[in-house]
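Participant: Chains A and B are the protein sequences, given in the same order.
FYI, the numbering for the first sequence is 0 to 270, going by numbering that gives the first Met the number 0.
FYI, the numbering for the second sequence is 0 to 349, going by numbering that gives the first Met the number 0.
Have a look at this one.
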Amino acid sequence: MRINLLNLLTHLLETNSTSRQNRLVWRRMAATLSPPRILPSGDSAITVEFSRNIDDAANQRVLALDRTLADRPVPGVRETVPTYRSLLVHYDPVEIDFDTLGEKLVALAQLPVPPTTKTRRWRIPVVYGGEHGIDLEDVARTLKTTPDDIVARHVAGDYRVAMIGFTPGWSYLSGLEKFLHMPRRQNPRLLTPAGTISIGGVQTGIQCLAGPSGWHLLGRTAVRTYLLHRDPTFLLEPGDRVKFFPVDAKTFAEQDRAAAGGEIVAELMAS
Amino acid sequence: MSKLVVTTIGPASSVQDGGRHGAQRYGLTPSGAMDRLALAAANTLVGNAAFAAAIEIGPFGAAFTAREGAVRLALSGAPRNADIAGRAIASDTSMTLADGETLTLGFARGGAFSYLAIEGGIAGELMFGSLAVNARAGLGSPYPRPLQAGDGLQTATASGAAERRIDLPAMAEGPIRVVMGPQDDEFGDEAKTLFFDSEWKISATSDRMGYRLEGPVIKHLHGHNIVSDGTVNGSIQVPGNGAPIVLMPDRGTSGGYPKIATVISADLGRFAQIPAGKGFRFKAVVMAEAQGEARKFAELLRTLPDRLRSIESFDLNIEALRDANVAGSAVSAIDARTWQAPSADALAPD
């Protein structure tokens, strides 16, 4: 029952609905939201945990609390780090203590949050397969289909940036269709290329910097989700929506040069 | 402007400051000094802001030469032999390096990191408000990597201000204090008892990302995979092999291993200074105690300037010699004319 309520809430948050009736339904439901768990992460941070699992509804609540704290700052809170299932709140224990902040966060997490009207929608070009996505054929074989089908399915997905973490710009996306869910590799690779687009477990992701990964590599994008001297340095925000579209290797090479020079390359769709 | 040139340097040495904050939500780790009190003490000695950029020096020796003018410096953190042209320099004091002179530092004795602050700070380009090196993300200035021999740091020419020492409280002893969580419920009573009853050592494979612990295997109740959540400096995560890793300032911003406990912020610097191979223990404290210690630590940082003391150059030399001698390392205490270690009498002021 709780899951259903949360899904409905998610739906209402998503649809940017402003009708009075929906608002009422939504307010009534918000009042029934279970409180998050307040977990200490040392003496200067609190983990506000909404779920132990990868759970889209929980991620929505994480992002909602993150927005609430951005809109009405709590004195002493220094920065917030959204993840799939929890919001990490860094704070200064000189300004506010654990119990006081914990109570505030529980209250804020159960407040009705106005649905966001500012969700950004990105289209991100990807060159799939071949040297750019060395696991595409293996993934197709494992899932008993063709590489083209894998690409078509991956492109069809409507994803949300659930969290950014691990290394700068590494964007974890939720919304991967069930057919593409795959366990991670037994042996993680120590080095995978910058711009890698991959799938792992129930997620897909955009990896910005070269680095280790245990995910299956489907392709690469020229888009830099993190580029130091560009404005903005970080392209994606937790909560942004993302769709992928295929490009050929030549286009990727051109885009890669442009992106290295500071161009965004990703397309921002009119909302 | 003067220049401080790195003559020789070991690994794990880089420019660090108070770190960069506010971008952990984008996966950007804060970095910054491993021992914030030592960084602040060194900076305070030369009149800099407490968390200005300084040189974090790893366990090995190093040498620095002043070029194009004099440079005023201060050393704090892990004790080590230090001398300028055979003149011993005590820890927790400022010093002035004349143009062309070299400051030579020995290995860390009983610690891991020292901080060499430079009067006027280090010239560089702030990235997210910080010069701190984060080699993986290509961040840090003037060099986005650990320091190497031949590197030059632009800095102010020495002001000629009187040298100072700083009177720091004795470093706390005893177990490293932690608060439980956030995932202590992923561990049974047996695992927790083992964690607190065992002696731990820091593995030599540790670095600024994390300190790997050597000791007993800590078993999970439900396996070692959790859905990633955020990390902090001092998070003690337990991966599949049961060997805990304490996350340090260059940590990943999120991690997927259960975190049994978190080192309290007031003990992080002390923990970072534990040399590889030396035994230590953990002790759980309640949140009220941890936050009380955090507030005391903040007060200590705030009042560091009140702990500055003036020194006469004569006193400085005697103190430095005595310090070097007491530590059982006679290198700096050998009489330059006779090549004999001076007797205790010779050290007494006239």
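Quick reminder that beta carbons are idealized off the backbone N, C-alpha and C, glycines included.
Keep in mind it's a predicted model, so treat the numbers as computed, not measured.
Less than 8 Å separating the beta-carbons of residue 160/A and residue 239/A?
Facilitator: In the first sequence, residue 160/A corresponds to position 161, counting from 1. In the first sequence, residue 239/A corresponds to position 240, counting from 1. Against a cut-off of 8 Å, the Cβ pair of residue 239/A and residue 160/A comes out as a contact.
Participant: In three-state terms, what does DSSP make of residue 90/B?
Facilitator: By 1-based counting over the second sequence, the position of residue 90/B is 91. Coil.
Participant: Under DSSP, the alpha helix (DSSP H) around residue 105/A begins and ends at which residues?
Facilitator: Indexing the first sequence from 1 puts residue 105/A at position 106. Looking at the DSSP string, the run of the alpha helix (DSSP H) that includes residue 105/A is 97 to 108.
Participant: May I ask you to list the residues that DSSP assigns as paired with residue 121/A?
Facilitator: As a position in the first sequence, residue 121/A is number 122, starting the count at 1. Residue 121/A pairs with 241/A and 267/A.
Participant: Check whether the Cβ of residue 93/A lies closer than 8 Å to any Cβ atom in chain B.
Facilitator: As a first step, residue 93/A is located in the first sequence; it is residue number 94 there, counting from the start. So, interface residue.
Participant: Should residue 178/B be flagged as near chain A, meaning a C-beta pair shorter than 8 Å?
Facilitator: Residue numbering aside, residue 178/B sits at position 179 when the second sequence is read from its first letter. Yes, its Cβ sits closer than 8 Å to a Cβ of chain A.
Participant: Measure the alpha-carbon distance for residue 224/A versus residue 232/B and round it to whole angstroms.
Facilitator: Along the first sequence, one-based indexing puts residue 224/A at 225. Along the second sequence, one-based indexing puts residue 232/B at 233. Looking at the two C-alpha atoms, the distance is approximately 25 Å.
Participant: May I have the straight-line CA-CA distance separating residue 67/B from residue 14/B, to the nearest angstrom?
Facilitator: Taking the second sequence and counting its residues from 1, the one referred to as residue 67/B is at position 68. Taking the second sequence and counting its residues from 1, the one referred to as residue 14/B is at position 15. Their Cα atoms are separated by approximately 21 Å.
Participant: Roughly how many whole angstroms lie between the Cα atoms of residue 272/B and residue 269/A?
Facilitator: Here residue 272/B is taken as the residue at index 273 of the second sequence, counted from 1. Here residue 269/A is taken as the residue at index 270 of the first sequence, counted from 1. If you take the alpha carbons of residue 272/B and residue 269/A, they lie about 53 Å apart.
Participant: Within 10 angstroms of the Cβ of residue 164/B, are there 16 or more other Cβ atoms? Answer buried if so, exposed if not.
Facilitator: Numbered from 1 along the second sequence, position 165 holds the residue referred to as residue 164/B. It counts as buried.
Participant: Rank 185/B, 140/B, 42/B and 124/B by C-alpha distance to the C-alpha of residue 307/B and give the top, closest one.
Facilitator: Residue 307/B sits at position 308 when you count from the first residue of the second sequence. Selected option, being the one with the closest Cα: 42/B.
Participant: Reducing DSSP to helix, strand and coil, say where residue 318/B ends up.
Facilitator: Here the question's residue 318/B lines up with position 319 in the second sequence. Unreliable positioning characterises residue 318/B in this predicted model, as indicated by a pLDDT of 49, which lies under 50. The coordinate reading is nonetheless provided below. Three-state result, residue 318/B: helix.
Participant: Measuring CB to CB, does residue 179/B end up less than 8 Å from residue 242/B?
Facilitator: Residue mapping note: residue 179/B aligns to position 180 of the second sequence, counting from 1. Residue mapping note: residue 242/B aligns to position 243 of the second sequence, counting from 1. Contact: no.
Participant: Starting from residue 15/B, follow its DSSP beta bridges and name the residues at the other end.
Facilitator: Taking the first residue of the second sequence as 1, we reach residue 15/B at position 16. Bridge partners of residue 15/B: 53/B.
Participant: In whole angstroms, what is the alpha-carbon distance linking residue 108/B and residue 57/B?
Facilitator: One-based indexing of the second sequence puts residue 108/B at position 109. One-based indexing of the second sequence puts residue 57/B at position 58. Going by the C-alpha atoms only, they are around 11 Å apart.
Participant: Starting from the Cα of residue 137/B, find the closest Cα among 122/A, 151/A and 167/A and give me that residue.
Facilitator: Sequence index remark: in the second sequence, residue 137/B carries index 138 (1-based). Nearest of 122/A, 151/A and 167/A to residue 137/B, Cα basis: 167/A.
Participant: Between the C-alpha atoms of residue 7/B and residue 121/B, what's the straight-line distance to the nearest angstrom?
Facilitator: Residue numbering aside, residue 7/B sits at position 8 when the second sequence is read from its first letter. Residue numbering aside, residue 121/B sits at position 122 when the second sequence is read from its first letter. About 18 Å.
Participant: Using the beta-carbon of each residue, which ones in chain A are nearer than 8 Å to residue 234/B?
Facilitator: Counted from its first residue, the second sequence places residue 234/B at position 235. Simply 40 and 41.
Participant: If the criterion is Cβ atoms closer than 8 Å, does the pair residue 171/A and residue 213/A meet it?
Facilitator: For the purposes of this step, residue 171/A is identified with residue 172 of the first sequence, where counting begins at 1. For the purposes of this step, residue 213/A is identified with residue 214 of the first sequence, where counting begins at 1. Their beta carbons are not under 8 Å apart, which means residue 171/A does not touch residue 213/A by this criterion.
Participant: For residue 104/A, which residues of its own chain have a beta-carbon under 6 Å away from its beta-carbon, when the five flanking residues on both sides are left out?
Facilitator: Your numbering for residue 104/A matches position 105 in the first sequence. 47.
Participant: Determine the burial state of residue 85/B: buried for a count of at least 16 other Cβ atoms within 10 Å of its Cβ, exposed for fewer.
Facilitator: Residue mapping note: residue 85/B aligns to position 86 of the second sequence, counting from 1. Exposed, since its Cβ has fewer than 16 Cβ neighbours within 10 Å.
Participant: Give me the Cα-Cα distance between residue 182/B and residue 147/A, rounded to the nearest whole angstrom.
Facilitator: Numbered from 1 along the second sequence, position 183 holds the residue referred to as residue 182/B. Numbered from 1 along the first sequence, position 148 holds the residue referred to as residue 147/A. So the alpha carbons of these two residues sit roughly 42 Å apart.
Participant: Of the choices 16/B, 24/B, 205/B and 92/B, whose alpha-carbon is the least far from that of residue 86/A?
Facilitator: Position 87 of the first sequence, counted from the start, is the residue given in the question as residue 86/A. When only C-alpha atoms are compared, the closest one is 24/B.
Participant: Does the beta-carbon of residue 34/A have 16 or more other beta-carbons within 10 angstroms, so that it is buried, or is it exposed?
Facilitator: Taking the first residue of the first sequence as position 1, residue 34/A is located at position 35. By the neighbour-count rule (16 or more Cβ atoms within 10 Å), residue 34/A is not buried but exposed.
Participant: Contact defined as beta carbons within less than 8 Å: I believe residue 133/A pairs with residue 222/A. What is the distance between those atoms, to the nearest angstrom?
Facilitator: As a working mapping, residue 133/A is identified with position 134 in the first sequence. As a working mapping, residue 222/A is identified with position 223 in the first sequence. At roughly 19 Å, the Cβ-Cβ gap does not stay under 8 Å, so residue 133/A and residue 222/A are not in contact.
Participant: Give me the Cα-Cα distance between residue 88/B and residue 18/B, rounded to the nearest whole angstrom.
Facilitator: As a first step, residue 88/B is located in the second sequence; it is residue number 89 there, counting from the start. As a first step, residue 18/B is located in the second sequence; it is residue number 19 there, counting from the start. In a straight line, the C-alpha of residue 88/B is about 28 Å away from that of residue 18/B.
Participant: From which residue to which residue does the alpha helix (DSSP H) around residue 268/B run?
Facilitator: Along the second sequence, read from residue 1 onward, the residue named residue 268/B stands at position 269. Taken as a continuous stretch (DSSP letters only), the alpha helix (DSSP H) holding residue 268/B covers 267 to 271.
Participant: Apart from the five residues just before and just after residue 214/B, which ones in its own chain have a Cβ nearer than 6 Å to its Cβ?
Facilitator: Translated into positions along the second sequence, residue 214/B becomes position 215. Closer than 6 Å at the Cβ level, and outside the excluded window around residue 214/B, lie 197 and 199.
Participant: At a Cβ threshold of 8 Å, is residue 175/A touching chain B?
Facilitator: Locating residue 175/A in the first sequence gives position 176, where the first residue counts as 1. No, because no Cβ of chain B sits closer than 8 Å to the Cβ of residue 175/A.
Participant: Examine chain B for any beta-carbon lying closer than 8 Å to the beta-carbon of residue 133/A, and answer yes or no.
Facilitator: The residue you call residue 133/A lines up with position 134 of the first sequence. Output row for residue 133/A: interface = no.
Participant: Going by DSSP, what residue range makes up the beta strand (DSSP E) through residue 246/A?
Facilitator: If you number the first sequence from 1, residue 246/A lands on position 247. Note, residue 246/A: premise wrong, no beta strand (DSSP E); not H, not E.
Participant: Give me the DSSP bridge partner(s) of residue 2/B.
Facilitator: Here the question's residue 2/B lines up with position 3 in the second sequence. For residue 2/B, which the question treats as bridged, DSSP gives the partners 66/B and 153/B.
Participant: Could you please give the first and the last residue of the uninterrupted beta strand (DSSP E) stretch that includes residue 281/B?
Facilitator: For the purposes of this step, residue 281/B is taken as residue 282 along the second sequence, with counting starting at 1. From DSSP, the beta strand (DSSP E) with residue 281/B extends over 281 to 283.
Participant: Starting from residue 290/B, find everything on chain A with Cβ-Cβ shorter than 8 Å and list it in chain order.
Facilitator: Your numbering for residue 290/B matches position 291 in the second sequence. Near residue 290/B (Cβ distances below 8 Å), the residues of chain A are 42, 92, 96 and 97.
Participant: Counting only runs that start and end within the segment 137 to 197 of chain B, where is the beta strand (DSSP E) found for 3 or more residues in a row?
Facilitator: Counting whole runs of 3 or more residues, the segment 137 to 197 of chain B contains the beta strand (DSSP E) stretches 151 to 154, 163 to 165 and 175 to 179.
Participant: Just how far apart, CA to CA, sit residue 247/B and residue 100/B?
Facilitator: Counted from its first residue, the second sequence places residue 247/B at position 248. Counted from its first residue, the second sequence places residue 100/B at position 101. Between residue 247/B and residue 100/B, the C-alpha separation is close to 35 Å.
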